[in-house]
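Position 175 of the sequence shown, counted from 1, bears residue number 170 in my numbering, the numbering being contiguous throughout.
Don't be surprised by glycine CBs; every beta carbon is placed ideally from N, CA and C.
Have a look at the structure below, then the notes.
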Amino acid sequence: MKYTLITFSALFLVFSCNKIEESVSQTITSAKDKAQQKATEMVQETVNEQLNKVVNAEAVKFETVFPHSNGLLLENEVGKKVAFPNGTPFFIFKYKTSEKDLLLKTLVEQPTSDEARSKKDFEKINGANIVEKLTFFERFLPENTIDMSFLDDIKNDENIEYYKIKRFPNASTVIYNPKNGMVYQFVEVKK
């Protein structure tokens, strides 16, 4: 009986040690995962803070960039001016309009500071290159600067129309969704 009791005690001790080792191992793994997650979050926050210092984004209205609007009606307008470190501004607008033709006409008729470098009409373009550039641009933009969730929509919708308007110093890329009248406009200011 003594040997049985010693055997059971030894087995219980081994079993308990295995459970303790398993518990310690899980605790260490959990702590490592939490530490890794926290470190990743801190790095992302630091990167975003630094990018926000480098890339300044401020709200802007459509008519401040395009003052001659020809009575164009825009709904739900959201505009951002992004200034890159070299000082070159870049404008991003999101709005709805049921007047696509008037929008394109208005953009083409905007005053220019150099007629030789400007075009007098718009051109319909292939959107694959634009989607690729926007996806690349999205990677470097700090969180909450500009809502880029529309990228998924334009990647998957074949009815989206893309236009290019060159009126120096502003070069506009217009992404138009004919289903809902949503417009995404990117304005690069050339120097």
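Report the CB separation of residue i from residue j in whole angstroms; it is logged as a contact under 8 Å.
i, j, result
"Tyr158", "Glu118", "7 Å"
"Phe61", "Gly74", "Actually they do not touch by this definition, with Cβ atoms about 10 Å apart."
"Asp116", "Val126", "With 8 Å as the limit, Asp116 and Val126 do not qualify as a contact, their Cβ atoms being about 24 Å apart."
I'd like to know if residue i contacts chain C, where contact means its C-beta is closer than 9 Å to some C-beta of that chain.
i, result
"Gln31", "Of the protein chains in the structure, only one exists, and it is not chain C."
Starting from residue i, follow the alpha helix (DSSP H) in both directions and report where the run begins and ends.
i, result
"Glu104", "Looking at the DSSP string, Glu104 is not in any alpha helix (DSSP H), and its letter there is neither H nor E."
"Phe181", "Note, Phe181: premise wrong, no alpha helix (DSSP H); beta strand (DSSP E) at 177 to 184."
"Thr59", "57 to 60"
Between which two residues does the beta strand (DSSP E) holding residue i run?
i, result
"Lys150", "Counting along the chain, Lys150 falls outside any beta strand (DSSP E), though it belongs to the alpha helix (DSSP H) covering 145 to 151."
"Glu110", "Glu110 -> no beta strand (DSSP E), and no H or E assigned at all."
"Glu70", "70 to 78"
"Lys91", "84 to 91"
"Ser167", "165 to 172"
"Ile160", "156 to 162"
"Glu118", "118 to 120"
Should residue i be labelled buried (16 or more other beta-carbon atoms within 10 Å of its own) or exposed?
i, result
"Ser20", "exposed"
"Leu68", "exposed"
"Ile1", "exposed"
"Asn165", "buried"
"Val49", "In this predicted model, Val49 has a pLDDT of only 49, less than 50, meaning its place in the structure is not dependable; the value taken from the coordinates is given anyway. The residue is exposed, with fewer than 16 neighbouring Cβ atoms inside 10 Å."
"Thr101", "buried"
"Ile155", "buried"
"Asp122", "Correcting the residue identity first, residue 122 is Gly in this sequence and not Asp. Buried is the call here."
"Ile15", "exposed"
"Pro173", "exposed"
If you measure between the beta carbons of residue i and residue j, is that distance less than 9 Å?
i, j, result
"Tyr90", "Asn65", "no"
"Phe86", "Phe163", "no"
"Lys76", "Glu58", "no"
"Ile170", "Lys114", "no"
"Thr168", "Glu183", "yes"
"Thr92", "Gly176", "yes"
"Arg112", "Lys185", "yes"
"His63", "Gln31", "no"
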